[in-house]
Structure formats: C-alpha cells, structure tokens
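Since the structure comes first, as structure tokens, the remarks are kept for the end.
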Amino acid sequence: MWLSGLSSLSALGNSAIYHADSEKVDNHIDYEKCLFDKLDKHLDKSDTFKYKDSAENRYALSIRMIDRPDFHLAISGKTWSVIQEHYPWLIPKLVVKGTVFARFSPEQKAQVIEALQSVGYFVSMCGDGANDCGALKVAHAGISLSEAEASIASPFTSKKQNISCVPMLIREGRCALVTSFGTFKFMAGYSLIQSFSTIILFALSSFLFYVCNQIDKFIRTTTVEQR
C-alpha cells in the first residue's frame, strides 16, 4: 500500500508479498527504493531475506506486526485476498488495526465482518446497495441507507443517506435494553409479592382458625361445667 500521496498520514512503508520459490513473479523489487522513512525499524531480516547489490534480484520481505498502538492500516480488496489465501493467521490482527477497507467485493465485506466477530467485536454495517446485502446480513446490526435492495437484507433502514443514524441506533438499542430489564424486574417483583402475600394470608388464616377453635372449645367446656 502506498500512503505517501496522503498528506494527513505518515507512511511507514511499502511491502510486496509473493512466493520466493515461485518462478512466475511479476514484481522486481529494488530494496533501496522499497524502504520509506521508519520502515527499517519494522522489518526483520530473516533467513528468507535475500539481498544483493543488483536491483534485478527478487526479495522476500519478512514483516512482523508493529508493536505500537498508534498506527492504522488501509487495505484493498486485492491485498485482502492475497493475505487470506497465503497468510490467514494475519487476518485477526489486520482487522483490528484496519481502518480503511477499500475496493472490497461483496464476499470480502462479509469476510471482514466475520473476522471482526471472531475476535469478539460487535459489528454494525451500513450499506446502500445490493453489493452490501451479504455484509448487512452477517453484521449484528445492519443499517440500510436506501429503501431499495439493501433494505430487504437489513433489520434497520435509515431515511437519511448518511451514517448519522448509527449513534441514534445505539441510543435506541440501549434504551430498549434498559426497558426490557426494567420490565423483567417489575414482573418478577410483582409475582414474588403476590406469592408471599398469599403465603402470609394462608398462615394468618390458619392461625386465626386455630384461635377461634380454641375459644369455642373453652366456651363449650365452661357452659357444660356450669350446668
């Protein structure tokens, strides 16, 4: 990925991934031209790294994940397919650090959402076309920004053609959750109150019946003795 054209970003480097043992490699990488500023701090020279003075040689760069929280990744659909095919163990780390996923096919959009869900994220997806239907179905909360095909696949539809509906949906979801818990607590408390009230009334009724019975026996016994 070339990021040098974006003024608001600081480029860490350019990388090319291919099989070192393959004879059909189209990219001839000049190592001296491949490095940007700071890239040498994030590259490991492993056993598979080959370097010679000639620019016509092919190189295999061994890249390790950067141990810094202040970086983001912009990934294209072509890069995603290559990494998923040859380096699938990197997918969880890429989706966590990924900020921009551009030029993705409908299947790749769904794959990104599934990868985020596999690492414990709750994912919301906004889409406005038929190519977003698969991702809208897979996401926990799919929001359609159009009343066309995408509205059929998503449980939520926004009349506004922007993502300003996401905070509103989060607030509405939290309110619905609080309301559900409040209703459950009310019904549980109401049932418990009824049950305890019935038990107490039965207990008092049995005690009063016992007292009345004893008084009646005492009165009858006294009357008989007087006679």
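Going by this note's numbering, the sequence shown opens with residue 209, and the numbers climb by one from there.
Even for Gly, the Cβ is constructed at its ideal location relative to N, Cα and C.
This one's a predicted model, so the numbers in the text were calculated from it and none came from an experiment.
For Ala282 and Thr391, the gap between their C-alpha atoms comes out near 45 Å.
Collapsing the DSSP output to three states places Ser332 in a strand. In this structure, the alpha-carbon of Pro300 lies about 7 Å from that of Leu324. Annotated as proximal: Ile351 and Ser366, with beta-carbon spacing under 7 Å.
DSSP lists no bridge partner for Ile407. When DSSP states are grouped into helix, strand and coil, Ala282 belongs to the strand group. Counting along the chain, Val308 sits inside no alpha helix (DSSP H); it lies in the beta strand (DSSP E) bounded by residues 306–310. In this structure, Ser326 lies away from Ala347, with their beta-carbon atoms at least 7 Å apart.
In terms of Cβ geometry, Gln316 and Gly285 form a close pair [threshold 7 Å]. Going by C-alpha positions, Lys368 is about 17 Å away from Ala349.
When the five nearest sequence neighbours on each side are left out, the beta carbons in the same chain lying within less than 7 Å of the beta carbon of Leu298 are those of Ile291, in order along the chain. Of the residues assessed, Val303 falls on the buried side of the cut-off, its CB having 16 or more other CB atoms within 10 angstroms. Rounded to whole angstroms, Glu322 and Gly306 show a C-alpha spacing of 14 Å.
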